[in-house]
Structure formats: C-alpha cells, structure tokens
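Oh and the sequence shown: position 15 is 1421 in my numbering, straight run, nothing missing.
Beta carbons: idealized from backbone N, C-alpha and C, even for Gly.
Beneath this line is the structure, given in structure tokens, with notes to follow.
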Amino acid sequence: MKIVVLGGGVSTERHVSLVTGTAVCKALRSLGHKAVFVDLYMGLEDYDGELADAFDAPDGFVGQVAIGKTAPDLKAVKAARKMQGPSRIGKNVLELCRLSDCVFLGLHGADGEDGKIQAALDLLGVPYTGSGPLASAMAMDKAVAKRIMESAGIRTPAWRELSYTEADIPRLLDELPVPCAMKVVNGGSSIGVALPDTREELEKALHELCAFRTRVIVEEKIRGREITQPIINDHYTPAIEIVPPEGTYFDYVAKYQSGAEGAREICPARITQAEQKAIGEAALKFHKALGLSVYSRVDFILDGEGRPWCLEVNTLPGMTPASLIPKAAAAEGMSYAELCEQILLLSLEQRKKEA
1407 MKIVVLGGGV STERHVSLVT GTAVCKALRS LGHKAVFVDL YMGLEDYDGE LADAFDAPDG
1467 FVGQVAIGKT APDLKAVKAA RKMQGPSRIG KNVLELCRLS DCVFLGLHGA DGEDGKIQAA
1527 LDLLGVPYTG SGPLASAMAM DKAVAKRIME SAGIRTPAWR ELSYTEADIP RLLDELPVPC
1587 AMKVVNGGSS IGVALPDTRE ELEKALHELC AFRTRVIVEE KIRGREITQP IINDHYTPAI
1647 EIVPPEGTYF DYVAKYQSGA EGAREICPAR ITQAEQKAIG EAALKFHKAL GLSVYSRVDF
1707 ILDGEGRPWC LEVNTLPGMT PASLIPKAAA AEGMSYAELC EQILLLSLEQ RKKEA
C-alpha cells in the first residue's frame, strides 16, 4: 500500500512525534509498503519531484531524529519553515495524503490527537489510523474526558476545572487543596503538569501553567503506583507498571530518556489477576464510552488498597519501538512491525464501517 506517515507538527510533543513517525515509516517499509514520512508542519518543502513519485523515494523521507531532554522550541520551528503564514499544514501535505491508500497518524498533541487532522482527512475522504474526530477531541480535553469517566461510573480522583489569570492566583492559593495534581486540559507527554505538595509549590505551578493560556484541571493527588493499560482491537493487553527515578514522577525526561534519568517500565505489571482485570475492564469501558477505536492507552494510579483510579486516555500514544503500546504488544508475541501493520489494517476496516 501507499502510506503517508504524518508526524511532527507544532505541538509541544513535536520531538516525540518525529520519532514515532520515522519509526513507524521504517517498520511499514520493512514489510514492503510504499511508506513515506511527512512532517505535518514542514510538508514537502525540499521535494521538487512529481507528487505521485514521492512514494518511490528510496529513503521514504526518513531522517535522523531523537527526543531531547526539553520540549521543542516552537518559535524556532515556525521560523525555520520556508512557507511562512498561518497554516499549520505544510506544503503539499494534504495533496500527497489524497494520493495514498491510508494515512498513519504518528502525531501527538495539538493538531494530531485533538481530532483536527482526522476531520480534515474525513472531509477529503482519506482513510487514517486510530479514532475519529469527535472521540479524539473529547479524549484530548481532560475536563471533557473526566465528565465521560464520571458518567460511565469509572473511578477517578475528585477534580475541578479552572480558567484563571495571574490576578486570580492569590485567591486560588487560599482555595485550592495541597497536595494536588494540576494539568492543562490539552497537554501531553507530561508537559503542562504540576504536582505541588506545598503552598509555595502551588504558587509556582499556578504561574507556570497560566503561561499556557488555557483551562486547567486540579485533581486530588492519589498516592500509589503508576499503571498504564493499552487497548488494541477492543481488548486489553497486559498492563504496564511505570517506576520513575526515585524522588521524581513520570515527567518528560523520565518518559523519554534512558539510563538513570529514565523510568523503568515493567510489562506485565507487578499486579494481581484481580487488579489486572479491574484495570483492564475500566480502561476498555472508558475507551468505548468515548467512542474510541482501534487502539488507545489509559493511565491509572493503583492505590495501596488495590483500587485503580483512572487519570486520562491517550488516543495516539507513543509508537516508537521503545514505547508502551509496543511493549504490551511484544508481551503478547507481536513484533513492532506487525503491530504497525495491524493498526493500519484495523483502521482501514474502521473507516469502511464509518463510511
């Protein structure tokens, strides 16, 4: 098949998406597909050939990418694009997508996980991987997703939604509980997350998150073990336990750096069969309540009494070979390349059902 793998973009998760996209592209090419990697934001600025010939590019437009220790400088990214202007879709991206058999979405965060690119591809009649636009948008907005959890009877920490300015911070310092967890509603990769334990840390977090200029949720901080539950093809795989370096939480560095700075990811998680069933069934219930399809990953805290607390869902979770979904698939005997192709084929079936 002719496949466009979309990655990059201009979200705070750009670097992660570049690694996901290039890895998926290489895997699909290894299976004989004519896959090419395209940066959603940069587009085909450096390609002068016929668009139809792009699928025969010997390297699939795959370059060398890596995830740094800090989030990308999006101002620098925007300044580097030759095609200046307000569009967040680069040169000939949609035109090439229309020539493909399917678009594999290797995007994360804004413009990719929030339903926008899915809606654009739906209007063009181009098949793509993963969930549709409405389900993606609801899952991406943490406040909306919380309301879906509650309506479905899924246990989640007590929470409230905030829209505030710097002038509101003194009042919020008196109102908000500590310890707590704070998250911007449309963040990802642990960017825009704070876990203050003191009033001083709360004040710092309020200032830092205010800079995102978006809504914030504040939730009860549940103590326990971090567990994430992949869903693939409407079934739950073995759960994964995440053990951050001592004295830290699963932040951007812990997620994407190896060695002492990185987190340990244990698959299958060190949990009982009853705990696995409770987590798996809650994740699958949330997946279906949102109307998600093909695959997702749901994050939990497992407290000291063995109760899972649902935090959020990722509709386009990381798909580097070292990411969590591939680890879970490997535990079930599926190679990375096989997983990429299964997501592709399942998504094509899903788009046919929706047509």
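**Asked** If you drop the 5 nearest sequence neighbours on each side, which residues of the same chain put their C-beta closer than 6 Å to that of residue 1480?
**Response** Here residue 1480 is taken as the residue at index 74 of the sequence shown, counted from 1. Hits under 6 Å: 1416.
**Prompt:** How big is the Cα-Cα spacing for residue 1738 and residue 1643?
**Reply:** Walking along the sequence shown from the start, residue 1738 turns up at place 332. Walking along the sequence shown from the start, residue 1643 turns up at place 237. Each residue's alpha carbon lies about 7 Å from the other.
**Request:** Please determine, among 1419, 1421, 1443 and 1432, the residue with the shortest C-alpha to C-alpha distance to residue 1727.
**Result:** As a first step, residue 1727 must be located in the sequence shown, where it is residue number 321. The candidate whose alpha carbon is nearest that of residue 1727 is 1432.
**Asked** At what residues does the beta strand (DSSP E) containing residue 1510 begin and finish?
**Response** Taking the first residue of the sequence shown as position 1, residue 1510 is located at position 104. 1508 to 1511 is the span of the beta strand (DSSP E), which, as asked, contains residue 1510.
**CB-CB length for residue 1622 against residue 1588, believed under 8 Å** = Taking the first residue of the sequence shown as position 1, residue 1622 is located at position 216. Taking the first residue of the sequence shown as position 1, residue 1588 is located at position 182. Between residue 1588 and residue 1622 the Cβ distance is about 6 Å, and since that is below 8 Å, they are a contact.
**Prompt:** Ordered along the chain, which non-local residues of its own chain (more than five positions away) have a Cβ less than 8 Å from that of residue 1656?
**Reply:** The residue given as residue 1656 occupies position 250 in the sequence shown. Because residue 1656 carries a pLDDT of 42, less than 50, the predicted location of this residue cannot be relied on, and no value is offered for it.
**Item:** Counted within 10 angstroms of its Cβ, other Cβ atoms place residue 1519 as buried (16 or more) or exposed
**Value:** The residue given as residue 1519 occupies position 113 in the sequence shown. Buried, since its Cβ has 16 or more Cβ neighbours within 10 Å.
**Prompt:** Given residue 1599, which residues of its chain have a CB within under 6 Å of its CB, disregarding the five upstream and five downstream residues?
**Reply:** Taking the sequence shown and counting its residues from 1, one reaches residue 1599 at position 193. Result list for residue 1599: 1589, in chain order.
**Per-residue burial, residue 1551 [other beta carbons within 10 Å of its own, 16 or more giving buried]** = For the purposes of this step, residue 1551 is identified with residue 145 of the sequence shown, where counting begins at 1. Result: buried.
**Asked** Who does residue 1550 pair with in a DSSP beta bridge?
**Response** Along the sequence shown, read from residue 1 onward, the residue named residue 1550 stands at position 144. According to DSSP, residue 1550 bridges with nothing at all.
**Message:** Given 7 Å as the limit, tell me if residue 1619 has its C-beta closer than that to any heavy atom belonging to the ligand FMN.
**Reply:** Only the bare structure without any ligand can be found here, which leaves the ligand FMN out of the picture.
**Message:** If contacts are defined as beta-carbon pairs under 8 Å, then residue 1546 and residue 1521 qualify, I think. What distance do you get, rounded to the angstrom?
**Reply:** Residue numbering aside, residue 1546 sits at position 140 when the sequence shown is read from its first letter. Residue numbering aside, residue 1521 sits at position 115 when the sequence shown is read from its first letter. About 7 Å separates the CB atoms of residue 1546 and residue 1521; that is less than 8 Å, so the two are in contact.
**Message:** Could you compute how far the alpha carbon of residue 1757 sits from the alpha carbon of residue 1748?
**Reply:** Residue mapping note: residue 1757 aligns to position 351 of the sequence shown, counting from 1. Residue mapping note: residue 1748 aligns to position 342 of the sequence shown, counting from 1. If I take the Cα positions, the gap works out to 14 Å.
**Message:** If the criterion is Cβ atoms closer than 8 Å, does the pair residue 1429 and residue 1740 meet it?
**Reply:** Working through the sequence shown from its first residue, we reach residue 1429 at position 23. Working through the sequence shown from its first residue, we reach residue 1740 at position 334. No, they are not a contact pair.
**Asked** Candidates 1606, 1447 and 1435: which alpha carbon is nearest residue 1463's?
**Response** Here residue 1463 refers to the residue found at position 57 when the sequence shown is read from its first residue. Distances from the CA of residue 1463 to each of 1606, 1447 and 1435 were compared; the closest alpha carbon is that of 1435.
**Message:** Going by DSSP in three states, residue 1523 sits in which element: helix, strand or coil?
**Reply:** On the sequence shown, position 117 is the one that residue 1523 refers to. DSSP places residue 1523 in helix when its eight states are reduced to three.
**Alpha-carbon to alpha-carbon, residue 1625 and residue 1750** = Sequence index remark: in the sequence shown, residue 1750 carries index 344 (1-based). Sequence index remark: in the sequence shown, residue 1625 carries index 219 (1-based). About 36 Å.
**Request:** Give me the Cα-Cα distance between residue 1414 and residue 1619, rounded to the nearest whole angstrom.
**Result:** Within the sequence shown, residue 1414 is the residue found at index 8, counting from 1. Within the sequence shown, residue 1619 is the residue found at index 213, counting from 1. Residue 1414 and residue 1619: Cα-Cα distance of roughly 22 Å.
**Prompt:** Is the beta carbon of residue 1818 less than 8 Å from the beta carbon of residue 1506?
**Reply:** In the structure as shown, the chain starts at 1407 and stops at 1761, and residue 1818 therefore has no counterpart that could be examined.
**Request:** Compute the beta-carbon to beta-carbon distance between residue 1687 and residue 1646, rounded to the nearest angstrom, for a pair I have assumed lies under 8 Å.
**Result:** Within the sequence shown, residue 1687 is the residue found at index 281, counting from 1. Within the sequence shown, residue 1646 is the residue found at index 240, counting from 1. Not a contact, Cβ separation roughly 16 Å.
**Request:** Would you decide whether residue 1535 is buried or exposed? Buried here means 16 or more other CB atoms lie within 10 Å of its CB.
**Result:** Numbered from its first residue, the sequence shown carries residue 1535 at position 129. Result: buried.
**Prompt:** According to DSSP, what are the bridge partners of residue 1634?
**Reply:** For the purposes of this step, residue 1634 is taken as residue 228 along the sequence shown, with counting starting at 1. 1646 and 1705, per the DSSP bridge assignment.
**Request:** Along the alpha helix (DSSP H) that carries residue 1692, what are the first and last residues, could you check?
**Result:** Looking up residue 1692 in the sequence shown gives position 286. Note, residue 1692: alpha helix (DSSP H), 1679 to 1695.
**Request:** Using the Cα positions of residue 1576 and residue 1616, report the straight-line distance between them to the nearest angstrom.
**Result:** Position 170 of the sequence shown, counting from 1, holds the residue named residue 1576. Position 210 of the sequence shown, counting from 1, holds the residue named residue 1616. Note on geometry: alpha-carbon atoms of residue 1576 and residue 1616 lie some 13 Å from one another.
**Request:** Would you kindly work out how many angstroms separate the C-alpha atoms of residue 1694 and residue 1637, rounded to a whole number?
**Result:** Stepping through the sequence shown from its first residue, residue 1694 is reached at position 288. Stepping through the sequence shown from its first residue, residue 1637 is reached at position 231. Going by the C-alpha atoms only, they are around 10 Å apart.
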